[in-house]
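S.K.: First the structure, which I've put down as structure tokens, then a few questions once you've had a look.
2 protein chains.
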Amino acid sequence: MSKKIVIIGGVGGGMSAATRMRRLDESATITVFEKGPYASYANCGIPYALSKVIRDDAALVLHTPEYFKEVFNIDVYLNTEVVEIDRINEQVCTRTAGEAEIRRVDYDKLILSQGTDAIRPQITGVDQNHVVTLRTLSDLQAIRTLMLQRCPTDVCIIGGGYISLEAAENLRKMKFGVSIVEQGTHVLPPLDADIAQALHAELKRNGVRLFLNDTVRRIEKSYVVMARNGREIPADMVILAAGVTPKTSLAKLAGLEVGKQGVKVESHMETSDEDIYAVGDMVETKHMIQKQPCVVALGGPANRQGRLAADHIAGKPVHYRGNIGTTICQVFDLTVGLAGLSVAALRRLGQEPLWVTVHPPHHASYYPDAHPITIKTAFERGTGRILGVQAVGMAGVDKRIDVLATAMQAGMTVLDLEHLELSYAPPYGSAKDAVNMVGFVSSNLLRGDYKLVHAEDISVENLSAWQVVDVRSPDEFATGHLPHAINLPIGTLRDRVSKIDNSIPTLVYCSVGYRGYLAYRILSQRGFNVVNLDGGLKTVVEGGIKI
Amino acid sequence: MSKKIVIIGGVGGGMSAATRMRRLDESATITVFEKGPYASYANCGIPYALSKVIRDDAALVLHTPEYFKEVFNIDVYLNTEVVEIDRINEQVCTRTAGEAEIRRVDYDKLILSQGTDAIRPQITGVDQNHVVTLRTLSDLQAIRTLMLQRCPTDVCIIGGGYISLEAAENLRKMKFGVSIVEQGTHVLPPLDADIAQALHAELKRNGVRLFLNDTVRRIEKSYVVMARNGREIPADMVILAAGVTPKTSLAKLAGLEVGKQGVKVESHMETSDEDIYAVGDMVETKHMIQKQPCVVALGGPANRQGRLAADHIAGKPVHYRGNIGTTICQVFDLTVGLAGLSVAALRRLGQEPLWVTVHPPHHASYYPDAHPITIKTAFERGTGRILGVQAVGMAGVDKRIDVLATAMQAGMTVLDLEHLELSYAPPYGSAKDAVNMVGFVSSNLLRGDYKLVHAEDISVENLSAWQVVDVRSPDEFATGHLPHAINLPIGTLRDRVSKIDNSIPTLVYCSVGYRGYLAYRILSQRGFNVVNLDGGLKTVVEGGIKI
Numbered sequence: 001m002s003k004k005i006v007i008i009g010g011v012g013g014g015m016s017a018a019t020r021m022r023r024l025d026e027s028a029t030i031t032v033f034e035k036g037p038y039a040s041y042a043n044c045g046i047p048y049a050l051s052k053v054i055r056d057d058a059a060l061v062l063h064t065p066e067y068f069k070e071v072f073n074i075d076v077y078l079n080t081e082v083v084e085i086d087r088i089n090e091q092v093c094t095r096t097a098g099e100a101e102i103r104r105v106d107y108d109k110l111i112l113s114q115g116t117d118a119i120r121p122q123i124t125g126v127d128q129n130h131v132v133t134l135r136t137l138s139d140l141q142a143i144r145t146l147m148l149q150r151c152p153t154d155v156c157i158i159g160g161g162y163i164s165l166e167a168a169e170n171l172r173k174m175k176f177g178v179s180i181v182e183q184g185t186h187v188l189p190p191l192d193a194d195i196a197q198a199l200h201a202e203l204k205r206n207g208v209r210l211f212l213n214d215t216v217r218r219i220e221k222s223y224v225v226m227a228r229n230g231r232e233i234p235a236d237m238v239i240l241a242a243g244v245t246p247k248t249s250l251a252k253l254a255g256l257e258v259g260k261q262g263v264k265v266e267s268h269m270e271t272s273d274e275d276i277y278a279v280g281d282m283v284e285t286k287h288m289i290q291k292q293p294c295v296v297a298l299g300g301p302a303n304r305q306g307r308l309a310a311d312h313i314a315g316k317p318v319h320y321r322g323n324i325g326t327t328i329c330q331v332f333d334l335t336v337g338l339a340g341l342s343v344a345a346l347r348r349l350g351q352e353p354l355w356v357t358v359h360p361p362h363h364a365s366y367y368p369d370a371h372p373i374t375i376k377t378a379f380e381r382g383t384g385r386i387l388g389v390q391a392v393g394m395a396g397v398d399k400r401i402d403v404l405a406t407a408m409q410a411g412m413t414v415l416d417l418e419h420l421e422l423s424y425a426p427p428y429g430s431a432k433d434a435v436n437m438v439g440f441v442s443s444n445l446l447r448g449d450y451k452l453v454h455a456e457d458i459s460v461e462n463l464s465a466w467q468v469v470d471v472r473s474p475d476e477f478a479t480g481h482l483p484h485a486i487n488l489p490i491g492t493l494r495d496r497v498s499k500i501d502n503s504i505p506t507l508v509y510c511s512v513g514y515r516g517y518l519a520y521r522i523l524s525q526r527g528f529n530v531v532n533l534d535g536g537l538k539t540v541v542e543g544g545i546k547i
Numbered sequence: 001m002s003k004k005i006v007i008i009g010g011v012g013g014g015m016s017a018a019t020r021m022r023r024l025d026e027s028a029t030i031t032v033f034e035k036g037p038y039a040s041y042a043n044c045g046i047p048y049a050l051s052k053v054i055r056d057d058a059a060l061v062l063h064t065p066e067y068f069k070e071v072f073n074i075d076v077y078l079n080t081e082v083v084e085i086d087r088i089n090e091q092v093c094t095r096t097a098g099e100a101e102i103r104r105v106d107y108d109k110l111i112l113s114q115g116t117d118a119i120r121p122q123i124t125g126v127d128q129n130h131v132v133t134l135r136t137l138s139d140l141q142a143i144r145t146l147m148l149q150r151c152p153t154d155v156c157i158i159g160g161g162y163i164s165l166e167a168a169e170n171l172r173k174m175k176f177g178v179s180i181v182e183q184g185t186h187v188l189p190p191l192d193a194d195i196a197q198a199l200h201a202e203l204k205r206n207g208v209r210l211f212l213n214d215t216v217r218r219i220e221k222s223y224v225v226m227a228r229n230g231r232e233i234p235a236d237m238v239i240l241a242a243g244v245t246p247k248t249s250l251a252k253l254a255g256l257e258v259g260k261q262g263v264k265v266e267s268h269m270e271t272s273d274e275d276i277y278a279v280g281d282m283v284e285t286k287h288m289i290q291k292q293p294c295v296v297a298l299g300g301p302a303n304r305q306g307r308l309a310a311d312h313i314a315g316k317p318v319h320y321r322g323n324i325g326t327t328i329c330q331v332f333d334l335t336v337g338l339a340g341l342s343v344a345a346l347r348r349l350g351q352e353p354l355w356v357t358v359h360p361p362h363h364a365s366y367y368p369d370a371h372p373i374t375i376k377t378a379f380e381r382g383t384g385r386i387l388g389v390q391a392v393g394m395a396g397v398d399k400r401i402d403v404l405a406t407a408m409q410a411g412m413t414v415l416d417l418e419h420l421e422l423s424y425a426p427p428y429g430s431a432k433d434a435v436n437m438v439g440f441v442s443s444n445l446l447r448g449d450y451k452l453v454h455a456e457d458i459s460v461e462n463l464s465a466w467q468v469v470d471v472r473s474p475d476e477f478a479t480g481h482l483p484h485a486i487n488l489p490i491g492t493l494r495d496r497v498s499k500i501d502n503s504i505p506t507l508v509y510c511s512v513g514y515r516g517y518l519a520y521r522i523l524s525q526r527g528f529n530v531v532n533l534d535g536g537l538k539t540v541v542e543g544g545i546k547i
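Going down the list, the sequences are from chains L and Y.
Going left to right, the first sequence walks through residues 1 to 547 as the numbering used here numbers them.
Going left to right, the second sequence walks through residues 1 to 547 as the numbering used here numbers them.
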């Protein structure tokens, strides 16, 4: 007898589950109920469609219900909400928009793929019609209509996450005035503050006004009022991008186990009811680094989880390995990426990781247009297990994030990164690739060949406790240096080592960390108690650390 | 007492060893003898310097002897050849160009980093001065002089390897007529022939004349004569790019063990004499896939081996893991990359791997300028261990090669690639990244969910043994199709399945393999004995397979 598979929610995870199910089982009856008006579309492309970087919205509509019927023999019902799950009778109750009738539909296996709701902050005036979200194709159309009707000129984006930054870039392309309001210390809260500083600079360089550590108190017709000082910011359109929350109400109503955030699932995506699966942004899955359940609202995991749920229903011995939260974001001319956890996030979990910051060029430095990538890598003391990687730069960031994400998922340590044989030709990389550089510096630290101090640990006050030695050239020194620093260029250090006192703790530094490391090796072998400044002055300056 | 370290040969491996040695040991005496006129330069950049893509040759000179003295306290002697190694007395005998005197220099540890010689094919006329090589800065200067003196207009490149293709691209930028003569069936012999076809097309599209399966019989002043048919090709400059051979004569003279190609070393780069190390292009190291010693003449491994030899001398418990031969090459608007072995190379080793070919877009297909990447992945039957990856396309190739190279070095299987969480935003990738696609298709094959036939296995003759079903649209079918094919578009297949005979072996295909896979699933579940054409018609057409 043919299995009856019902899927609640189309788009990413749901349609992946549906089509995989069909490929595995020609005899199943597969039905998808989608609350919205599209079966499958690319929500990640929406900010780019707004500005017409993606020229035609139709490009975002990946497939229609007719396509799914014809090619997959899958029935997709749009504008149809599942209002109740009757677990006793294994039925769902559905209602199509504009119709009163409730239909009951049998299932043998049910897959929930309902995604998330945008969080609507409780701000006075938030319910006006010039306050919008930018997540769905319907949102996009609503914004287009609003733009035609009201001809806004200034947009305030509430929230500083990925969608916010993508929206800001595309709105600036359209010549809007753009403000971003972020309640935290920096945009993209999963990142460390120092890495986000480069994004702040890039946003400002492109005319985006940034309001950090602040919130919107009130939304008026043509401006918003800031909470901290009552300042008015022009805004005749407001985009809410303050995060998302898993749609769990239907699951809760059905008595399925729900965690702190999302629906609880086993490693093969089964919920607490063995005939009901859940996938995508609405579920809690294991984070491979923090080892705790978490919600990862990303397209890649959603797609793979949908596929995996279908595999499990078809009897395959599969299990979901968990997430490391690999993300990437274009911010004007910069790319920023993350895999695993930031140092701040690790500390919140009570961990005290080691970490290093390097600034290698994205390809051979002698080949035109080499751009530095700032890579901050956190790893476990003792083992060197990679816990988190953050990278920002103009080119080659996505490659290094993906290589390091792969290394993390393979359980590699920083010691393994030294050995990695990566592709090298001048237009693409270096004989010692940026990833190898991460490996060299991290491994030196892990093995105790090297001691460092981080930019965040130095200040005008505590610098005076060190003998500070700047080993750059006199010309570089003249452009600015740390307080109390004396200048002993690396090439002169051996000859002039008698000028400094080996009884005082010594801090050496250069521009990006390499010459500082050389100085560390020279001085430590001469009995100095010495540390190098991790990532050099560039890390201090880029990280926005005031000294 | 301070150790005396002598290094023969600067540039990549030698200078990496020298500088690492100094960082680890301030007290050592470190001396480098370099036969050529430069201590350290970027030979990989030379083709690009020729055309002034790299504007200034000085950019290629990474560091001078003065720099090494000042910063590293290393003595570098240029134009100085080591003519003999006296292992009994632990001395090297050196001779500086233009001087008669032989100096004897003591060593405690000796590191050989002599690199390779260009192979000079025995061709009549090869010793004329318009016949050059393009490997060193001196070569570059000689070519510049030749161009000024003789104003050549047509260049013939003998050999079709990486340097040949890079030279061809840069010479075309300079408006030279360019011919490439390759004795094998295709350029870049480490690749499979089908993958190289895209390069042939790109070379031709850019005006490069290709002569395959042929050699040069005779070099005249303004033309060369081809071996196969005596044809004359205009060439008033000839570049020899017919490969390299390790410089082993000094090692042989010293009685060190030399293998079939290069100097034999232990896993920590020690030669058969425990006080002599050898690194870089001149040594044989273990190939991680073929498990046999081989010479890998690449910058990355040379640098890491140099570093590792110094580590071992300093007493660190290191060992070299071996190579997988990760390479990348720009060929005009295309990039081609390889990690591990081609299918042909695996077969030559007596292996019968499984493999799949996919053509996913390099980023989200709905985002502008998405370009397909052709990825051919070979893996071990049973285990799924990845044995070789080849990729070619206009963008995103280096990223996928590096991710897959990392996966290979981590010992991942194709099953692991399904799970990889890689970065996704529209400008960078897809929710199902190209690497995941490799994983999905390979795993389906490995698990037996799927049967395929390769383009190389079909011909006009044997196609008649199959019932051939083209599941593309009628419009696509009308643009050309396989012989004997009937057209049953995928959306009609279930309804029209009675039109085909399930007692006859059936071959299904589409444009890139996906719809063919769907058809496979539909038909196999209805009792058909069916195979899908791997990679679809695109693999046939791109692979230059004539049907």
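All C-beta atoms, glycine included, are put in the ideal place defined by N, C-alpha and C.
#1: Who does Gly337/Y pair with in a DSSP beta bridge?
#2: Apply the 10 Å Cβ neighbour rule to His319/Y and answer buried if 16 or more other Cβ atoms are within range, or exposed otherwise.
#3: Scan the stretch 323–341 of chain Y for residues whose Cβ lies nearer than 9 Å to a Cβ of chain L and list them as they occur along the chain.
#4: Using a Cβ cut-off of 8 Å (strictly closer), state whether Ile522/L contacts chain Y.
#5: Determine, using beta carbons only, whether Arg551/L comes closer than 8 Å to chain Y.
#6: Can you have a look at Met174/Y and say buried or exposed, based on whether 16 or more other CB atoms are within 10 angstroms of its CB?
#7: For Gly536/L, go through chain A and note every residue whose CB falls closer than 7 Å to its CB, in chain order.
#8: So with CB distances below 8 Å, who are the chain Y contacts of Cys44/L?
#9: What span of residues does the beta strand (DSSP E) with Tyr223/Y cover, start to end?
#10: On a CA-only basis, which of His362/Y, His363/Y, Val343/Y is nearest Leu354/Y? Give me that one, please.
#11: Tell me whether Lys175/L sits in a helix, a strand or coil according to DSSP, three-state version.
#12: Give, in chain order, every residue of the stretch 401–421 of chain Y whose Cβ lies closer than 8 Å to some Cβ of chain L.
#13: For a contact defined as C-beta to C-beta under 7 Å, what are the partners of Ile490/Y on chain L?
#14: Give the residues of chain Y in contact with Gly299/L, contact being defined as C-beta atoms less than 8 Å apart.
#15: Report the start-end ranges of each beta strand (DSSP E) in the stretch 78–118 of chain Y that is 3 residues or longer and not cut off at the edges.
#16: Any beta carbon of chain L sitting closer than 8 Å to that of Arg578/Y?
#17: Could you check which residue in Ser138/L, Leu210/L, Leu445/L, Ala410/L has the C-alpha nearest to that of Gly161/L?
#18: Ignore the nearest five residues each way along the sequence and tell me which others in Thr248/Y's own chain have a CB closer than 7 Å to its CB.
#19: List, in chain order, every chain Y residue whose beta-carbon is nearer than 7 Å to that of Arg23/L.
#20: Does the Cβ-Cβ distance between Leu24/Y and Ala314/Y come in under 8 Å?
#21: Quick one: grab the DSSP three-state call for Ile8/L.
#22: Output the distance between the C-alpha atoms of Gln467/Y and Pro483/Y, rounded to the nearest integer angstrom.
#23: Mind checking which residues open and close the alpha helix (DSSP H) that includes Pro301/L?
#24: Taking only three categories from DSSP, how would you classify Asn436/Y?
#25: How would you label Val397/Y, buried or exposed, when you count the other beta carbons within 10 angstroms and need 16 or more for buried?
#26: How many angstroms separate the CA atom of Leu341/L from the CA atom of Gly9/Y?
#27: With a cut-off of 8 Å, does the C-beta of Leu203/Y fall near any C-beta of chain L?
#28: At what residues does the alpha helix (DSSP H) containing Arg348/Y begin and finish?
#29: To be precise: take each residue of the stretch 26–60 of chain Y, compare its Cβ to all Cβ atoms of chain L, and keep it if any distance is under 7 Å. Which residues remain?
#30: Let me know the secondary structure DSSP gives Tyr41/Y once reduced to three states.
#31: Within the stretch 234–283 of chain L, note down every full alpha helix (DSSP H) run reaching 4 residues or more, in order along the chain.
M.R.: Looking at the coordinates:
#1: Ile328/Y, Ala391/Y
#2: exposed
#3: Asn323, Ile324, Gly325, Thr326, Thr327, Ile328, Cys329, Gln330, Thr335, Gly337, Leu338, Ala339
#4: yes
#5: Outside the displayed span of chain L (1 to 547) sits residue 551/L, for which this structure offers no information.
#6: Exposed, by the Cβ-count rule.
#7: Among the protein chains of the structure shown, namely L and Y, there is no chain A.
#8: Ala364, Tyr424, Ala425, Pro426, Ala431
#9: 223–226
#10: Closest by C-alpha distance to Leu354/Y, out of His362/Y, His363/Y, Val343/Y, is Val343/Y.
#11: Coil.
#12: Ile401, Asp402, Val403, Ala405, Thr406, Ala407, Gln409, Ala410, Gly411, Met412, Asp416, Glu418, His419, Leu420, Glu421
#13: Val71
#14: Within chain Y, the residues Tyr424, Ala431 have their CB atoms less than 8 Å from the CB of Gly299/L, given in chain order.
#15: Listed in chain order, the beta strand (DSSP E) runs fully inside the stretch 78–118 of chain Y are 80–86, 91–96, 102–106, 109–112, 116–118, counting runs of at least 3 residues.
#16: With chain Y represented from 1 up to 547, any question about residue 578/Y goes unanswered, as that position is not in the structure.
#17: Answer by Cα proximity: Leu210/L.
#18: Val258, Gly262, Val263, Met282
#19: Per Cβ cutoff of 7 Å: Leu518, Arg521.
#20: In this structure, the beta-carbon distance from Leu24/Y to Ala314/Y falls below 8 Å.
#21: strand
#22: 11 Å
#23: 299–313
#24: helix
#25: buried
#26: 43 Å
#27: no
#28: 343–348
#29: Glu26, Ala42, Cys44, Gly45, Tyr48, Val53, Ile54, Ala59, Leu60
#30: strand
#31: 249–253
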